[in-house]
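Novice: Take a look at this one; I'll ask things after.
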Ligand code: PMV
């Protein structure tokens, strides 16, 4: 069986020693316009479909320092117990790279709420990968870094690039070496993402378990999702290429809604939305009828992310929509 460890050894080698005492890195959170939902290999986080995202201007700052005798983990300035799931995930990730007897202090500062569907795991594992890259001085390409970050969290593979649109190719190799993210050349600075915080509480079911439950029990997954992604990917690329905001918004909103529909078809059903989520959806649809250019997307959480153009920001806020950026 191909394990994370064998992939790591193939990409960066084994028995490596840090060449520095400490390293820092930043990675942006990313929001998928075409979602990743479902794995073909859950050990290596290999997806069943391609996905495409845009980087936010907020993300995660990570500092990793070599220390004697033991590991320590800090989140937003507060020391975490090594028994917490947050610490366990980080430690399991760095264990893939270090030799026994090497210990680290890992300091993570998230500019966005942790684990509430705000994509903090995307920026978190990407920033940690970039910090390890500097600490160990690996000789790897950005695509290879995206494959390494993917071993921490699938969507992290798209956060290796500091800005813009990124496509994560599902790949077909068993070892996942072709399941990498690539940046798109297009720039669209007027395109904005704002989010509406309905809840920053930990989500009731993590995305890994929710994906698995959907694939195993929702007939909507195989019947609809894969086809939907193939068609939405074409539309979104065309929208980005021609800077067609209506096409981008319609495609992105539909893709998110179909992803959530596949989850509703699971047994037991998975519903991340809260009543406020639905209220905002209705409000956005109403404002659109009135002529405002505003679309939404949602990940594995109750919060809504809004897509709009910079020139419309004032009108959207005047209409009573809060836009956190
Ligand atoms: O990378 P994960 O395991 O946190 O999964 C992310 C899943 C979604 O955010 C819902 C979609 C995506 O493509 O980011």
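Residue numbers (the numbering used here): -16 to 308.
In this text, a Cβ means the ideal position worked out from N, Cα and C, and glycines have one as well.
Source: prediction; values computed, not measured.
Per DSSP, what are the beta-bridge partners of residue 63 in this structure?
Specialist: Counting from 1 along the chain shown, the entry for residue 63 is found at position 80. In the DSSP output, where bridge partners are listed per residue, residue 63 has 56.
Novice: Does ligand 1 have a heavy atom nearer than 8 Å to the CB of residue 18?
Specialist: As a first step, residue 18 must be located in the chain shown, where it is residue number 35. Under cutoff, so the answer is yes.
Novice: Quick one: what does DSSP say residue 32 is sitting in, helix, strand or coil?
Specialist: As a first step, residue 32 must be located in the chain shown, where it is residue number 49. Three-state DSSP puts residue 32 in coil, outside helix and strand.
Novice: Answer yes or no: the CB of residue 159 versus the heavy atoms of ligand 1, is any distance below 8 Å?
Specialist: Translated into positions along the chain shown, residue 159 becomes position 176. Not under cutoff, so the answer is no.
Novice: Compare the Cα-Cα distances from residue 84 to each of 29, 51, 294 and report the closest residue.
Specialist: Position 101 of the chain shown, counted from the start, is the residue given in the question as residue 84. The residue with the shortest Cα to Cα distance from residue 84 is 51.
Novice: DSSP on residue -14, reduced to helix/strand/coil?
Specialist: In the chain shown, the residue the question calls residue -14 occupies position 3. Looking at residue -14 - three-state DSSP - the assignment turns out to be coil, as it is neither helix nor strand.
Novice: Hey, residue 15 and residue 280: beta-carbon distance below 9 Å or not?
Specialist: Taking the first residue of the chain shown as 1, we reach residue 15 at position 32. Taking the first residue of the chain shown as 1, we reach residue 280 at position 297. Their beta carbons are under 9 Å apart, which means residue 15 touches residue 280 by this criterion.
Novice: Under the three-state reduction of DSSP, which class applies to residue 119: helix, strand or coil?
Specialist: Walking along the chain shown from the start, residue 119 turns up at place 136. Correct three-state label for residue 119: helix.
Novice: Do residue 242 and residue 18 have their C-beta atoms closer together than 9 Å?
Specialist: Counting from 1 along the chain shown, the entry for residue 242 is found at position 259. Counting from 1 along the chain shown, the entry for residue 18 is found at position 35. Yes.
Novice: Check whether the stretch 125 to 142 touches the stretch 168 to 177, counting contact only when three or more Cβ pairs, one atom from each stretch, lie closer than 8 Å.
Specialist: Cβ pair count under 8 Å is below three, so no.
Novice: Just the C-alpha distance for residue 209 and residue 32, rounded to the nearest angstrom, thanks.
Specialist: Against the chain shown, residue 209 aligns to sequence position 226. Against the chain shown, residue 32 aligns to sequence position 49. Taking the straight line joining both Cα atoms gives about 7 Å.
Novice: Between residue 15 and ligand 1, is the CB less than 8 Å from at least one heavy atom?
Specialist: The count along the chain shown starts at 1 and reaches residue 15 at position 32. Correct: residue 15 has its Cβ closer than 8 Å to ligand 1.
Novice: How long is the line joining the alpha carbons of residue 43 and residue 37, rounded to whole angstroms?
Specialist: As a working note, residue 43 is residue 60 in the chain shown. As a working note, residue 37 is residue 54 in the chain shown. Cα to Cα, the separation comes out at about 15 Å.
Novice: Kindly confirm or deny that the stretch 179 to 197 and the stretch 116 to 133 touch, where touching means at least three C-beta pairs closer than 8 Å.
Specialist: Cβ pair count under 8 Å is below three, so no.
Novice: Give the list of continuous alpha helix (DSSP H) stretches no shorter than 4 residues that lie fully inside the stretch 249 to 287.
Specialist: You should have 258 to 272.
Novice: Is the beta carbon of residue 259 sitting closer than 9 Å to the one on residue 188?
Specialist: For the purposes of this step, residue 259 is taken as residue 276 along the chain shown, with counting starting at 1. For the purposes of this step, residue 188 is taken as residue 205 along the chain shown, with counting starting at 1. Cβ distance not < 9 Å, so residue 259 and residue 188 don't count as in contact.
Novice: For the pair the stretch 123 to 134 and the stretch 151 to 168, tell me if three or more CB-CB distances fall below 8 Å.
Specialist: Counting Cβ pairs under 8 Å, three or more are found: they touch.
Novice: Buried or exposed: residue 211, going by 16 or more other Cβ atoms within 10 Å of its Cβ?
Specialist: To locate residue 211, count along the chain shown from 1; it is residue 228. With 16 or more Cβ atoms within 10 Å of its Cβ, residue 211 is classed as buried.
Novice: Got a sec: does ligand 3 put a non-hydrogen atom nearer than 8 Å to the Cβ of residue 282?
Specialist: Here the bound small molecules are ligand 1; ligand 3 is not part of this structure.
Novice: Just curious, the alpha helix (DSSP H) that residue 129 is in, first and last residue?
Specialist: Here residue 129 is taken as the residue at index 146 of the chain shown, counted from 1. Start and end: 125 to 133.
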